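A.B. asks:
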Ligand code: IVH
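In this note's numbering, the protein residues as written are 57 to 738.
Rendered as structure tokens:
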């Protein structure tokens with residue numbers, strides 16, 4: 057039996073661990089809030105990861121201290137077989153619509169009449185988010201349930217999935233939140249995440265989502281929350297449901313501010329406006345901002361700010377009288393496919409593009425729409441002569457959403473992938489498990505070279521001010537440039553002679569080219585346009601190798617050591633640098649004066665063995681124990697004297713004893729001296 061003293065000691069130790077765990081959780085929640093809700097992180101990713109790892113380790117050692125609201129518990133381990141039904145005590149309403157300023161005037165007048173008060177009404181104007189309405193229930197500050205809107209009265213219990221959304225707190229912040237708080241808002245998928253998700257699906261030959269709203273809905277309706285966790289969803293809160301235990305604020309705006317203080321995400325575009333004039337200004341302003349927002353909206357919403365007025369106005373059927381949605385004009389229109397042409401991209405990818413009868417869609421005239429790839433053409437069964445629905449969504453590039461089959465003419469023509477590149481005549485190949493067909497011409501193909509130059513000049517690459525796609529076309533078509541390296545040989549007089557160029561703009565271009573020579577290694581790597589090497593990979597490569605020559609010399613084995621570089625990307629990189637032609641171009645770019653400073657020292661968390669803990673035991677023959685220890689530590693590992701559950705592996709030489717036994721008992725991996733040598737010779 058444990059003595060009282062030992063019991064007491066154990067009790068204090070447990071209490072300390074519990075406090076430590078709680079402190080870590082608070083800290084992580086704070087960082088999460090700064091990162092996901094305020095978009096204003098205060099710590100590096102690696103510091104955040106370190107805290108998270110520490111918490112995970114402590115929880116693994118003390119499973120009895122795990123709570124449901126721990127930031128480590130966002131993703132559920134067991135998929136559901138179906139969603140339970142949830143009844144909304146306070147129904148989830150819909151909104152009336154107005155489509156013009158006149159209708160808005162009429163709406164405002166109706167309210168004034170009903171209130172029997174002619175004074176100007178104060179509204180809260182908000183973007184109308186194009187996502188999925190959900191309701192979150194917090195009890196004593198803890199997220200206990202989340203449900204879809206469903207029919208407004210009954211929805212589905214999607215708590216498991218909602219918990220995976222990082223901007224939704226599992227635990228509210230502060231200490232003045234109500235004991236029961238139901239908060240409503242919209243779950244959305246950011247445009248960029250939507251594009252990425254679809255690009256991935258396209259590559260895998262899978263079905264794509266029609267728009268970010270469908271993608272958000274599909275992601276929330278996963279029975280396996282591990283899938284939802286991989287889809288970056290987000291949520292903005294805009295209304296209350298049930299609330300108990302505190303006085304309500306007097307206005308909608310103040311309520312939103314409160315929600316913000318409790319850690320919930322509120323849309324930053326929300327504004328208080330006065331009267332119809334204020335609403336119209338807001339509508340225009342948001343309309344102009346629409347493309348640059350990173351999520352989709354389909355209008356704006358006006359809500360009477362004062363709750364006492366809201367109460368007086370009440371509801372009609374399923375919608376509040378005190379709010380209305382002001383919708384933007386449709387983003388979908390009908391058009392006809394005049395022809396389908398094939399564009400050749402930087403990597404040779406051949407993209408079918410529909411030439412359309414010019415059509416006005418959501419504010420601009422559209423005469424081309426991408427069909428992405430042949431799989432999509434086949435899936436949507438688009439034919440020349442078809443009537444189609446054109447959509448401008450997420451990105452600015454319009455796409456063919458679907459064919460209106462009822463209108464297909466008898467002579468509609470099937471689309472066939474050309475056997476030869478429309479630009480250079482080289483063979484077109486489509487790898488068996490790939491959706492994308494490619495021109496095999498490489499740098500022989502004018503289209504590929506031209507696109508490579510556009511990429512090189514672009515903002516995230518060499519950032520050559522004023523050298524946009526059109527000017528590259530002009531320079532290239534006039535044979536002033538053939539390769540990226542020719543850019544730095546351009547003479548102002550040659551450029552000035554081009555159409556629509558003058559002395560001044562030519563000088564500006566030369567100046568911008570000179571400016572671009574002072575750059576950063578990761579930009580330079582990215583600008584080379586190596587297949588599959590995007591901005592992030594370029595950064596990892598720069599950080600890892602720090603020196604261009606080292607990168608150029610690296611073999612596949614060395615390349616896959618880099619974060620985010622897998623075997624396929626490694627092959628692309630190695631292949632690129634092996635080409636004599638590419639080596640020449642790089643040399644001539646450096647000869648022209650392109651230079652960079654060596655990237656700063658690698659962050660410690662990027663060390664190969666960071667976070668690993670080893671125990672050395674037994675007699676080593678090729679290396680002495682201290683040397684081995686020093687090498688392991690230099691790579692970021694810890695070397696300790698006793699085996700515990702935290703030990704990554706035990707490295708056992710000859711005649712190892714009790715430590716080896718303990719490792720086997722605890723199921724800790726055991727390495728031999730050869731393993732050690734290869735571990736430290738990275
Ligand atoms: S308030 C009390 N605010 O629009 C009114 N709804 O057509 C309840 N929506 O189901 C809704 N953005 O999915 C409100 N800023 C916003 C909104 C918004 C999008 C959606 C919501 C609702 C639908 C009603």
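Just so it is clear, CB atoms sit at the ideal spot from N, CA and C, and this is done for glycine as well. Since we're looking at a predicted model, the values are computed, not measured.
1) The alpha helix (DSSP H) spanning residue 477 covers which residue range?
2) Between the C-alpha atoms of residue 480 and residue 423, what's the straight-line distance to the nearest angstrom?
3) What did DSSP end up calling residue 501 once you bin it into helix, strand or coil?
4) Please confirm whether any heavy atom of ligand 1 lies closer than 8 angstroms to the CB of residue 142.
5) Work out the CA separation of residue 266 and residue 7 for me, nearest whole Å.
6) Using 8 angstroms as the Cβ pair cut-off and three pairs as the minimum, do the region 176 to 190 and the region 328 to 336 touch?
7) How big is the Cα-Cα spacing for residue 303 and residue 193?
8) So, does the region 507 to 526 touch the region 401 to 414, judging by three or more C-beta pairs under 8 angstroms?
9) Tell me which residues share the same chain as residue 623 and place their Cβ nearer than 8 angstroms to its Cβ, disregarding the 5 neighbours each side in the sequence.
10) Please state the DSSP three-state secondary structure of residue 331.
11) Output yes or no for whether 9 angstroms exceeds the beta carbon distance between residue 219 and residue 148.
12) Could you tell me the boundaries of the beta strand (DSSP E) in which residue 185 lies?
13) Any residue with its C-beta under 6 angstroms from a non-hydrogen atom of ligand 1 counts. Can you list them all in chain order?
14) So, with DSSP's three-state summary, where would you put residue 642?
15) What are the partner residues of residue 565, as DSSP defines its beta bridges?
16) Check for me: the alpha helix (DSSP H) holding residue 102 runs from which residue to which?
17) Run through DSSP, which three-state label would residue 374 get?
18) Indicate whether residue 678 and residue 736 have their beta-carbon atoms separated by less than 9 angstroms.
19) Taking the alpha carbon of residue 152 as the point to measure from, which residue in 560, 359, 88 has its own alpha carbon closest?
20) With a threshold of 8 angstroms, are at least 3 pairs of Cβ atoms found where one atom belongs to the region 586 to 606 and the other to the region 628 to 636?
21) What number of angstroms, rounded off, separates the C-alpha of residue 312 from the C-alpha of residue 366?
22) With C-beta atoms as the reference, is residue 638 less than 9 angstroms away from residue 584?
23) Unbroken alpha helix (DSSP H) runs of length 4 or more, entirely within the region 555 to 632: which are they?
24) Given 8 angstroms as the limit, is there contact between the region 127 to 138 and the region 207 to 221, that is, 3 or more CB pairs closer than that?
25) When you measure from the CB of residue 442 to every non-hydrogen atom of ligand 2, does any distance come out below 8 angstroms?
26) Among 355, 320, 288, 363, which one has its Cα closest to the Cα of residue 307?
27) Give me the residue from 539, 463, 259 with the minimum Cα distance to residue 407.
28) Of the residues 682, 419, 717, 640, which one's Cα is nearest the Cα of residue 699?
29) What are the residues that DSSP puts in a beta bridge with residue 426?
30) From 278, 107, 446, 228, pick the residue whose C-alpha is nearest to that of residue 413; which is it?
31) Under 9 angstroms between the Cβ atoms of residue 118 and residue 70?
32) Under 9 angstroms between the Cβ atoms of residue 269 and residue 291?
33) Among the residues of its own chain, which have a CB less than 6 angstroms from the CB of residue 211, if the five just before and after it don't count?
34) Hey, could you find the ends of the beta strand (DSSP E) residue 651 is sitting in?
35) What separation, rounded to the nearest whole angstrom, lies between the Cα atoms of residue 581 and residue 607?
C.D. replies: According to the structure data:
1) The count along the chain shown starts at 1 and reaches residue 477 at position 421. Run containing residue 477: none; DSSP gives neither H nor E here.
2) In the chain shown, counting from the first residue as 1, residue 480 sits at position 424. In the chain shown, counting from the first residue as 1, residue 423 sits at position 367. Approximately 25 angstroms between the Cα atoms of the pair.
3) Indexing the chain shown from 1 puts residue 501 at position 445. Residue 501 falls in the coil class under three-state DSSP.
4) As a position in the chain shown, residue 142 is number 86, starting the count at 1. No; taking the cut-off as 8 angstroms, the Cβ of residue 142 has no heavy atom of ligand 1 nearer than that.
5) Residue 7 is absent from the model: the chain starts at 57 and stops at 738.
6) yes
7) Taking the first residue of the chain shown as position 1, residue 303 is located at position 247. Taking the first residue of the chain shown as position 1, residue 193 is located at position 137. Residue 303 and residue 193: Cα-Cα distance of roughly 18 angstroms.
8) The region 507 to 526 is in contact with the region 401 to 414.
9) On the chain shown, residue 623 is found 567 positions in, with the first residue counted as 1. Result list for residue 623: 612, 616, in chain order.
10) By one-based count along the chain shown, residue 331 stands at place 275. Residue 331 falls in the helix class under three-state DSSP.
11) Position 163 of the chain shown, counted from the start, is the residue given in the question as residue 219. Position 92 of the chain shown, counted from the start, is the residue given in the question as residue 148. Not in contact: residue 219 and residue 148 (Cβ atoms no closer than 9 angstroms).
12) As a working note, residue 185 is residue 129 in the chain shown. Run containing residue 185: 178 to 185, per the beta strand (DSSP E) assignment.
13) 149, 150, 151, 182, 184, 185, 189, 205, 242, 294, 295, 357, 376, 379, 381
14) If you number the chain shown from 1, residue 642 lands on position 586. It is helical.
15) As a first step, residue 565 is located in the chain shown; it is residue number 509 there, counting from the start. Beta-bridge pairing links residue 565 to no other residue.
16) Stepping through the chain shown from its first residue, residue 102 is reached at position 46. Element bounds for residue 102: 101 to 117.
17) One-based indexing of the chain shown puts residue 374 at position 318. Residue 374: coil per DSSP, three-state reduction.
18) Counted from its first residue, the chain shown places residue 678 at position 622. Counted from its first residue, the chain shown places residue 736 at position 680. The answer is no: Cβ separation not under 9 angstroms.
19) As a position in the chain shown, residue 152 is number 96, starting the count at 1. For residue 152, the nearest C-alpha among the options comes from 359.
20) yes
21) Numbered from 1 along the chain shown, position 256 holds the residue referred to as residue 312. Numbered from 1 along the chain shown, position 310 holds the residue referred to as residue 366. Cα-Cα distance, rounded: 16 angstroms.
22) Looking up residue 638 in the chain shown gives position 582. Looking up residue 584 in the chain shown gives position 528. Yes; because the gap between Cβ atoms is below 9 angstroms, this pair is in contact.
23) 559 to 572, 577 to 583, 591 to 601, 604 to 609, 612 to 615
24) yes
25) This structure lacks ligand 2; the ligands present are ligand 1.
26) For this step, residue 307 is matched to residue 251 along the chain shown. The shortest Cα separation from residue 307 among 355, 320, 288, 363 belongs to 363.
27) What you label residue 407 is simply residue 351 of the chain shown in a count that begins at 1. Checking every option, the nearest Cα to that of residue 407 belongs to 259.
28) In the chain shown, residue 699 corresponds to position 643, counting from 1. The option with the nearest alpha carbon to residue 699 is 717.
29) One-based indexing of the chain shown puts residue 426 at position 370. In the DSSP output, where bridge partners are listed per residue, residue 426 has 409, 455.
30) Translated into positions along the chain shown, residue 413 becomes position 357. If we check each option's Cα against that of residue 413, 446 comes out closest.
31) Along the chain shown, one-based indexing puts residue 118 at 62. Along the chain shown, one-based indexing puts residue 70 at 14. Cβ atoms of residue 118 and residue 70: closer than 9 angstroms.
32) Taking the first residue of the chain shown as 1, we reach residue 269 at position 213. Taking the first residue of the chain shown as 1, we reach residue 291 at position 235. The answer is no: Cβ separation not under 9 angstroms.
33) Taking the chain shown and counting its residues from 1, one reaches residue 211 at position 155. 142, 203, 204, 205.
34) For the purposes of this step, residue 651 is identified with residue 595 of the chain shown, where counting begins at 1. Annotation: the continuous beta strand (DSSP E) that includes residue 651 extends over 651 to 653.
35) For the purposes of this step, residue 581 is identified with residue 525 of the chain shown, where counting begins at 1. For the purposes of this step, residue 607 is identified with residue 551 of the chain shown, where counting begins at 1. Looking at the two C-alpha atoms, the distance is approximately 10 angstroms.
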